[in-house]
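Enquirer:
Number of protein chains: 2
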Amino acid sequence: MVRPSKKQQIPNLQEAIKETAWNQIAEFGAPTLSLRAIARELKITAPAIYNYFPNRDALVTALIIDAYTSFGDVQIAVRDEVPETELEERLRAIGLAYRQWALDYPQRYQLIFGTPIPGYVAPMLEVLPSAARSLSALVSVVDGLRVANKLIANGFPSIQSGYQQQFEVWKNYAGDYDIFSLSVAMIIWSRVHGLVSLEISGNMPPFGVDGSALYHYEISSIIDQFIKK
Amino acid sequence: MVRPSKKQQIPNLQEAIKETAWNQIAEFGAPTLSLRAIARELKITAPAIYNYFPNRDALVTALIIDAYTSFGDVQIAVRDEVPETELEERLRAIGLAYRQWALDYPQRYQLIFGTPIPGYVAPMLEVLPSAARSLSALVSVVDGLRVANKLIANGFPSIQSGYQQQFEVWKNYAGDYDIFSLSVAMIIWSRVHGLVSLEISGNMPPFGVDGSALYHYEISSIIDQFIKK
DNA sequence: CAGTGTATATATACAGTGTTTATTTTATTT
DNA sequence: AAATAAAATAAACACTGTATATATACACTG
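Chains as they are written, first to last, in our numbering: chain A, 197 to 425; chain B, 197 to 425.
(1) For Ile-183 (chain A), does the three-state DSSP call read helix, strand or coil?
(2) State the DSSP-derived secondary structure class of Ile-423 (chain B), mapped to helix, strand or coil.
(3) Scan the segment 405 to 416 of chain A for residues whose Cβ lies nearer than 8 Å to a Cβ of chain B and list them as they occur along the chain.
(4) Just to confirm my understanding: we take Leu-231 (chain A), look at its own chain, exclude 5 residues before and 5 after, and list those with CB closer than 6 Å. What are they?
(5) Just to confirm the assignment, what range does the alpha helix (DSSP H) spanning Ala-381 (chain A) have?
(6) For the candidate residues A:Glu-280, A:Val-317 and A:Trp-297, whose alpha-carbon lies nearest to that of Val-388 (chain A)?
(7) Going along the chain, which residues of its own chain have a beta-carbon closer than 6 Å to the beta-carbon of Gly-407 (chain A), five neighbours each way excluded?
(8) Since I believe Ile-234 (chain B) is in contact with Ile-213 (chain B) (beta carbons under 8 Å), could you give me their beta-carbon distance rounded to a whole number of angstroms?
(9) So if I threshold CB-CB distances at 8 Å, which residues from the segment 226 to 259 of chain A count as touching chain B?
(10) Report back the beta-carbon spacing between Tyr-369 (chain B) and Leu-324 (chain B) to the nearest angstrom; my notes put them in contact at under 8 Å.
(11) Would you mind working out which of B:Asp-420, B:Thr-265, B:Leu-209 and B:Ala-381 sits nearest Arg-444 (chain B), comparing C-alpha positions?
(12) Give the DSSP-derived three-state secondary structure of Leu-347 (chain B) in the structure shown.
(13) Taking Cβ-Cβ distances shorter than 9 Å, what residues in chain A pair up with Leu-394 (chain B)?
(14) Is DSSP giving Leu-231 (chain B) helix, strand or coil here?
(15) Contact check, Val-337 (chain A) vs Leu-287 (chain A) under 8 Å by CB: the rounded distance?
(16) For Glu-237 (chain A), tell me which candidate among A:Thr-257, A:Ile-206, A:Leu-255 and A:Gly-225 has the shortest Cα-Cα distance.
(17) Here's a check: name, in chain order, each residue in its chain whose Cβ is nearer than 7 Å to the Cβ of Ile-272 (chain B), leaving out the five neighbours to either side.
(18) Who are the Cβ neighbours of Ala-426 (chain A) in its own chain at under 6 Å, not counting the five residues just before and after it?
(19) Taking only the alpha-carbon atoms, compute the straight-line gap between Ser-393 (chain B) and Trp-218 (chain B) and give it to the nearest angstrom.
(20) Residues in the segment 291 to 306 of chain A with C-beta within 7 Å of chain B's C-beta atoms, listed in sequence order?
(21) Using the Cβ count rule (16 or more neighbours within 10 Å means buried), how would you classify Ser-377 (chain A)?
(22) Under 8 Å, Cβ to Cβ, is there at least one residue of chain A near Asn-399 (chain B)?
(23) What does the Cβ neighbour count give for Phe-422 (chain A), buried or exposed, with the cut at 16 atoms within 10 Å?
(24) Rounded to the nearest angstrom, how far is the Cβ of Leu-391 (chain B) from that of Glu-414 (chain B), given a contact under 8 Å?
(25) Listing by chain order, which chain B residues have their CB less than 9 Å from the CB of Phe-267 (chain A)?
(26) Would DSSP call Ser-201 (chain A) helix, strand or coil?
(27) Quick one: residues in its chain with C-beta nearer than 7 Å to the C-beta of Ile-419 (chain B), no 5 flanking neighbours on either side, listed in chain order?
(28) Here's the rule I'm using: 16 or more other beta-carbon atoms within 10 Å means buried, otherwise exposed. How should Gln-361 (chain B) be labelled?
(29) Just to make sure I have the definition right: I need the residues of chain B whose C-beta is within less than 8 Å of the C-beta of Tyr-353 (chain A). Which are they?
(30) When the cut-off is 8 Å and only beta carbons count, does Gly-315 (chain A) lie next to chain B?
(31) How close, in whole Å, do the beta carbons of Phe-352 (chain B) and Ser-386 (chain B) come, if the pair is a contact with beta carbons under 8 Å?
(32) Just curious, the alpha helix (DSSP H) that Val-278 (chain A) is in, first and last residue?
(33) Can you give me the Cβ contacts of Thr-257 (chain B) inside the same chain, cut-off strictly under 8 Å, excluding the 5 residues immediately before and after it?
(34) Would you say Gln-271 (chain B) faces chain A, with C-beta separation under 8 Å as the test?
(35) Does the separation of the CB atoms of Phe-267 (chain B) and Asn-399 (chain A) fall below 8 Å?
(36) Hey, is Asp-339 (chain B)'s beta-carbon within less than 8 Å of any beta-carbon in chain A?
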């Protein structure tokens with residue numbers, strides 16, 4: 197068989213490859229993602245994929261960027277559903293949406309925050325824009341609290357010096373917020389991430405610790421600790 | 197070549213396989229762990245490994261159990277270096293040791309709590325004993341606080357019913373502590389895990405958020421939130 | 001319209017992987 | 001000493017990602 201005529205070709209093969217990859221990740225999990233399996237599904241040969249992605253890692257990077265974008269879209273949309281003045285409710289809303297997205301798309305969550313692909317390490321420079329944007333919802337709310345003088349952060353560690361340049365790059369994608377707010381956001385993020393990742397990966401002991409209840413408690417803890425009443 | 201005489205054989209090949217696996221994980225990372233590579237290193241053939249582990253996943257499980265055991269040893273040892281009456285200091289000590297162990301052995305940490313092996317999912321029943329024991333240091337301190345009436349847990353979510361049996365199994369390995377203490381320990385664990393896993397996996401934005409300082413802050417937050425003064 | 005160049009696919013091949021089967025040799029037991 | 005069990009090798013299968021060479025379809029140019 198030779199190259200098929202354009203009429204039988206798949207239009208926008210680049211997107212079709214990513215779509216098929218997502219389907220396979222959803223069905224069999226990220227670790228078993230295979231270029232050859234994608235090619236079989238699309239009825240093309242494996243090397244054809246190399247016209248669109250230089251190698252498998254590049255495809256994975258594209259998937260990660262898409263996942264970050266989808267995740268960021270949800271975070272920002274959920275934030276904007278709550279009036280700008282209701283900062284506490286905004287924080288709660290994006291916190292709950294965080295877990296919900298992870299439960300809805302566990303494989304995407306692990307693709308982003310885990311290391312489910314053998315030998316793959318995400319290229320920071322490429323991923324940074326979408327990653328920074330996805331966290332910007334949280335950072336914006338924390339910075340809103342800071343501006344409104346409602347942020348409690350007694351004894352919070354100060355920022356290391358010498359990173360101004362990287363921070364400037366970050367700002368281009370995540371918004372121009374105070375780096376102090378960023379650090380507080382980082383702690384909050386690590387808390388929700390810790391709970392969610394244990395729940396998703398099945399590392400929570402299976403004896404009736406309700407993930408949802410624990411998570412609600414943790415969100416309230418965060419609000420109590422960081423928001424002035 | 198045929199089977200070598202016993203004198204040239206490696207004594208305790210089972211242990212040697214695990215040791216070589218650890219070396220390769222340390223050098224190249226867990227995801228690229230390869231039975232054939234282990235065999236090459238040991239100058240045996242790959243199928244020979246199947247006399248000691250039924251498949252690669254079984255080897256990984258054995259490695260995970262060893263890692264949990266090593267981790268649990270450190271946790272328990274660190275706890276016991278602080279007098280039994282100094283519960284707050286015990287909590288702080290095991291908290292700091294948690295991060296230190298993760299920084300000392302990042303691959304082991306990711307092997308346990310991440311999903312770095314393609315398609316591998318840890319068999320709960322086999323891993324439970326060492327996993328439960330490794331967390332028992334934390335649970336014991338939390339339960340000590342509860343018994344001493346020093347544990348703050350207002351509004352803490354109640355335990356789901358119907359899991360008595362699993363909890364009984366858990367107790368055999370982790371010690372006979374109150375299930376309420378277990379839930380509090382779970383929250384504390386998720387917090388340190390969240391911060392450590394972000395730091396280990398390089399998912400912390402690279403602009404001067406000092407992992408060590410943040411971690412110390414988080415440990416203090418935990419103490420402030422859960423221990424009566 | 002003919003010819004050329006480029007993009008896009010296939011075909012083939014290589015080195016690697018986990019795993020299965022059959023076979024051979026060593027070690028142990030009867 | 002003979003039979004048996006254990007532990008290794010050898011060979012093969014079905015995969016994987018990827019590099020190279022090749023052939024075809026399409027678009028542009030003279």
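Backbone N, C-alpha and C fix where the C-beta goes; we use that ideal spot for every residue, glycine too.
Expert: Taking the geometry as given:
(1) Not covered by the structure: residue 183 (chain A). The range shown for chain A is 197 to 425.
(2) strand
(3) Val-405, Asp-406, Ala-409, Leu-410, His-412, Tyr-413, Glu-414 and Ser-416
(4) Ala-242, Ile-245 and Arg-252
(5) 375 to 396
(6) A:Trp-297
(7) Glu-395
(8) 6 Å
(9) Pro-227 and Thr-228
(10) 7 Å
(11) In the structure as shown, chain B begins at 197 and stops at 425. Residue 444 (chain B) is therefore absent and cannot be evaluated.
(12) strand
(13) Phe-309, Met-382, Trp-385, Ser-386, His-389 and Gly-390
(14) helix
(15) 5 Å
(16) A:Ile-206
(17) Ala-333
(18) Because chain A is modelled from 197 through 425, residue 426 (chain A) falls outside the range shown and cannot be assessed.
(19) 20 Å
(20) Gln-306
(21) buried
(22) yes
(23) buried
(24) 6 Å
(25) Those within 9 Å of Phe-267 (chain A) in chain B number zero; the least Cβ separation is about 13 Å.
(26) Its pLDDT being 48, under 50, Ser-201 (chain A) is placed unreliably by the model, and the measurement read from it follows with that caveat. Looking at Ser-201 (chain A) - three-state DSSP - the assignment turns out to be coil, as it is neither helix nor strand.
(27) Glu-284, Leu-287 and Arg-288
(28) exposed
(29) It should be pointed out that residue 353 (chain A) corresponds to Pro in this sequence rather than to Tyr. In chain order: Asp-406, Ala-409, Leu-410, His-412 and Tyr-413.
(30) yes
(31) Not confirmed; about 14 Å, so no contact.
(32) Neither: Val-278 (chain A) is in no alpha helix (DSSP H) and is coded neither H nor E.
(33) Ala-318, Pro-319, Glu-322 and Val-323
(34) no
(35) no
(36) no
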